[in-house]
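Numbering (the numbering used here), first residue to last: 38 to 798. We treat Cβ as the ideally placed atom computed from N, Cα and C, and that holds for glycine. First comes the structure, then the notes that go with it.
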Amino acid sequence: MHYLDELNPVQREAVTQTDGPILVIAGPGSGKTRVLTYRIAHLIEQGIPPYNILTLTFTNKSAKEMKDRIEKVVGARAQQVWAGTFHSIFARILRAEASKIGFPSSFSIYDTDDTTSLLRSIIKEKNLDPNAYNASAIRSRISLAKSNLLSPTAYRENADMMSQDRQQRRPYVVDIYETYLNRCQRAGAMDFDDLLFQLYRLFRENPDNIVEKYRNRFRYIHVDEFQDTNFLQYAILRRLLKYDGSPENVFVVGDDAQSIYAFRGATIDNILDFEKDYPNLRTYKLEQNYRSTHHIVQAANEVISYNRKQLQKTIWTDREESNKIKLLKCTTDDEEGRRVADSILEQKHRYHLPNSEIAILYRTNAQSRKFEEHLRRHNMPYRIIGGMSFYQRKEVKDFVGYLRLAVNPRDEEALRRVINYPTRGISDATVDKLVMLASGKNISLWEALRDPALDVNPKARQSLHNFYLLVSNWQQRAEKDLASKLADDILRQSGLLVHLKADTSPEGISRLENAQAVLDAISEFTDNPEPDLETGEPGERTLSLYLQTISLLSDADEKNDGQDQITLMSVHGAKGLEFKSVFVTGLEETLFPSFMSFEDPNGLDEERRLFYVAITRAKEFLTLTFAKHRYKYGQIRENDPSRFLEEIDEKHFDIVGGIGAGRASAKEAPVSPRASVSGSFATPRNRQQASAQPAIDPAGFKPSAPDAIVAGATVLHLKFGEGKVLSVDGAKDNKVAAIQFKGDELPERRIVLKFAKLQVM
DNA sequence: GTAGTCACTATTTGA
DNA sequence: TAGTGACTAC
């Protein structure tokens, strides 16, 4: 069948419209990937050289999948398309052009840990209070600044940013930012944001007319998941697209309803601005859902209609046959784990589902444990995406630290990590002196290492010298030697191998195996060079490129080994995926939606979009679960069912056992007095807390109607006791009251009136 | 210099 | 609870 015949009329129009700016608003399961891949295949069929086509995707994995799908239509030429994530494509450009902005071409990439530890050290050097200046909070501040193109100078002139910092009682954030930038430059390192920020800088300063080069190269630009791009990414695209005589061949695909990365700077404004920036824009809406059955699609529409801001769009399906959505009400998180495992077992028997068609989704990675326990108990194979990945393990990071140093000795985070690990007689005091000297003279740690002005005892000096020789030797080899051979030598000569071998505990053995797995990965990498895009020759396969590649891997890129396993992951991780059967778990107030989102309505809207993404992953079976009681930080917490459950019409539900027989009864189910509930999970701490609760006689308690709860009223809550209503907001069925309870550690609690048991006094 | 203990504290999502 | 950083004892 010809590829164009596999498309519906709207899809086909979007695919064959090859020139000018195009926006495709694509609902979940509407064939978005198909449109994108066929459009690129179509361009190639029309004679456009594949290396003139750029496609920016969200994960490396989806870029690869896309290339493979294009290949099915146009053959091997497909592999010459520039397809990858923003970060990986831009890193590649920066490697080629680094010298123009004062970076080595083998610059290091600092991951979140490197950045945080560098910031921690800057905060210490500046003698700032580490409590007020929380390193990871500062990191997100700096990230926010970069994503909005604010240099330190612009930051200082930005009244909003400065006053926010003052309000947070940390007026020196911008100074930390400035120092941080210097340090990165000195270390020849870029963090994730820099890969965008520095590229933007390169294009703006435009040495040697470099923008021209890339404008000519990328004649057709595609962006997947456009709703998740931030201002900086948009600005870079604009640089590439907006100039005199530009054909503006840009094709973006997105869905405002699936925007779930606002927390890291993504903004829907990009979709709205797009229409303004490109007056010739043609917009297509893909609304037919080919993925899910009727009840799922309807539920998704109902939920998303509660969001205030959205582009008008209603997804629909012609799939009539349909299972209802199952709702599992559980008393505890443990019961939730058990019943999900049981349901999976049952589904597998009844419908012969392979494990790979089943996914368990949760809001936070920490929730995976209970599911793991119960799946293991049933001997069901599973894999976890996200959480601690291979390259985040300590032993792997240590080894990689040495490799980074061999490639770029100025890499200060790598140097600090390994300089005395395994121990080689370089004390913390010596390292501190090194850092002070480097700061004083504004030289890199690597230079400071052999600076005669360094005031240390002869023994330490000798140790430093030996370390210097060791690393210099690797560094010289890094440019010519085979990466795998060099890495093997580094593992031995660094002393890491001996150190790891010394630990014969099971964990120790697994650490050794992980280090050796890095060697295997490097061999695999060097043995399979990808073709160079312009020449088609086997491309560069240096250690430096390997390091760059692994630092840009994301969780979603983890491969499956072809085993038939159940997938466990966060809802964020599930974006773009689909499964026959999906379990969306932990649907409780404060968890999903997260309590972090309660402060601002935009936050709640984002949680709702996240829920929308979660349920639309399911093709045939959707199961929603919640637990009344759940452990958090070692303590039991009680939660109400998520408001999102209330936003789905009952007719889509099939309620299975648990607390009460039906949904309505769950709302009015008699609530056990706190003491007896805690008693069944007795720990000394819980007991104490329970006895501190105000004693309210459940028998004499008569809940008032939600309408009776108004701001200023004094109310009684079975669990929290007496409280004052500060405010009430939200529409009729979703009213939320902010209440301050007497003797409560929280300044206020937000209570969903529909679920709450409150009595006006 | 290292290993072990203790107390504290953070609580989301991720390239 | 789990991870971390500071402190202590050898």
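> Applying the criterion that 16 or more other CB atoms from any shown protein chain within 10 Å of the CB defines a buried residue, is P678 buried or exposed?
Replying inline: Under this definition P678 is a buried residue.
> Taking DSSP as the reference, what is the three-state secondary structure of S521?
Replying inline: helix
>> So for K769, helix, strand or coil by DSSP?
In response: Note that K769 scores 49 on pLDDT, short of 50, meaning its location in the model is unreliable; the coordinates nonetheless yield the value given after this. Shown here, K769 sits in a helix according to DSSP, grouped into three states.
> Roughly how many angstroms separate the alpha carbons of K101 and I258, rounded to a whole number?
Replying inline: 17 Å
>> If I measure Cβ to Cβ from V52 and keep anything under 8 Å in the same chain, skipping five residues before and after, which residues do I get?
In response: L41, L44, V72, Y75, R76 and H79
> Is it true that the CB of D601 sits closer than 7 Å to the CB of I422?
Replying inline: no
>> Once the 5 residues before and after Y505 are set aside, which same chain residues still bring their CB inside 6 Å of it?
In response: L486 and R487
>> Nearest by alpha-carbon distance to S631: which of T401, L605 and E516 is it?
In response: T401
>> Can you tell me which residues form a DSSP beta bridge with C367?
In response: C367 is bridged to A664.
> If you compare alpha carbons, which of R645, L218 and W119 is closest to N344?
Replying inline: R645
> Quick one: is G623 buried, meaning 16 or more other Cβ sit within 10 Å of its Cβ, or exposed?
Replying inline: buried
>> Taking 6 Å as the cut-off, is the beta-carbon of M198 closer than that to any non-hydrogen atom of the ligand HEM?
In response: As for the ligand HEM, it is missing from this structure, which has no ligand bound.
> Using the C-alpha atoms, what's the distance from E657 back to N195?
Replying inline: 50 Å
> Quick check: the stretch 125-135 against the stretch 221-237, are there 3 or more CB pairs under 8 Å?
Replying inline: yes
> Who pairs with R353 in a beta bridge, going by DSSP?
Replying inline: Here the sequence assigns Trp to residue 353, which means Arg is not the residue at that position. Paired residue(s): Q325.
> Where does M633 fall in DSSP's three states?
Replying inline: M633 carries a helical assignment under DSSP once its states are collapsed to helix, strand and coil.
> CB R799 to CB L537, shorter than 7 Å?
Replying inline: Since the first residue of the chain shown is 38 and the last is 798, residue 799 is not available in this structure.
> Relative to the alpha-carbon of A299, which residue among W353, L580, R252 and H609 has its alpha-carbon at the smallest distance?
Replying inline: H609
> Can you name, in chain order, every residue of its own chain whose Cβ lies under 7 Å from the Cβ of K104, other than the five neighbours on each side?
Replying inline: A115, Q116, V118 and A120
>> Under DSSP, the beta strand (DSSP E) around Q117 begins and ends at which residues?
In response: Premise fails: Q117 is in no beta strand (DSSP E) and is neither H nor E.
> For S184 versus L93, is the C-beta spacing smaller than 7 Å?
Replying inline: no
> Going by beta carbon distance, what residues of the same chain come within less than 8 Å of Y327, once the five residues before and after it are set aside?
Replying inline: Take Y327, set aside five residues on each side of it, and the residues of its chain with a beta-carbon closer than 8 Å to its own are G66, S67, G68 and T354, in chain order.
>> So if DSSP puts G291 in a beta bridge, which residue, or which two residues, is it bridged to?
In response: I62
> What is the rounded straight-line gap between the Cα of Q54 and the Cα of L589?
Replying inline: If I take the Cα positions, the gap works out to 33 Å.
> So, using beta-carbon positions, are V797 and A745 closer together than 7 Å?
Replying inline: Closer than 7 Å, so yes.
> If you run the structure through DSSP and keep just helix, strand and coil, what is L682?
Replying inline: Here L682 sits in helix by DSSP.
>> Using only CA atoms, which one of L482, V650 and K496 lies nearest to G462?
In response: K496
> With distances taken from CA atoms, which of K363, T70, E242 and Q335 is nearest G139?
Replying inline: It is E242 whose Cα lies nearest to the Cα of G139.
> Mind checking whether V340 and Y649 have CB atoms under 7 Å apart?
Replying inline: Cβ atoms of V340 and Y649: closer than 7 Å.
>> Counting C-beta neighbours from all protein chains within 10 Å, is the total for S283 16 or more, i.e. buried, or is it exposed?
In response: exposed
>> Could you pull the DSSP bridge partners for N267 from this structure?
In response: Residue pairing by DSSP puts N267 in a beta bridge opposite A303.
> What whole-angstrom Cβ distance do E450 and Y147 have, given they're in contact under 8 Å?
Replying inline: 6 Å
> If you follow the alpha helix (DSSP H) that V619 is part of, which residue opens it and which one closes it?
Replying inline: Here V619 belongs to no alpha helix (DSSP H); instead the beta strand (DSSP E) covers F616 to V621.
> Count the other CB atoms within 10 Å of the CB of S618; is the residue buried (16 or more) or exposed (fewer)?
Replying inline: buried
> Under a three-way DSSP split, which group does S67 fall into?
Replying inline: coil
>> Can you look up F436 in the DSSP assignment and give me helix, strand or coil?
In response: helix
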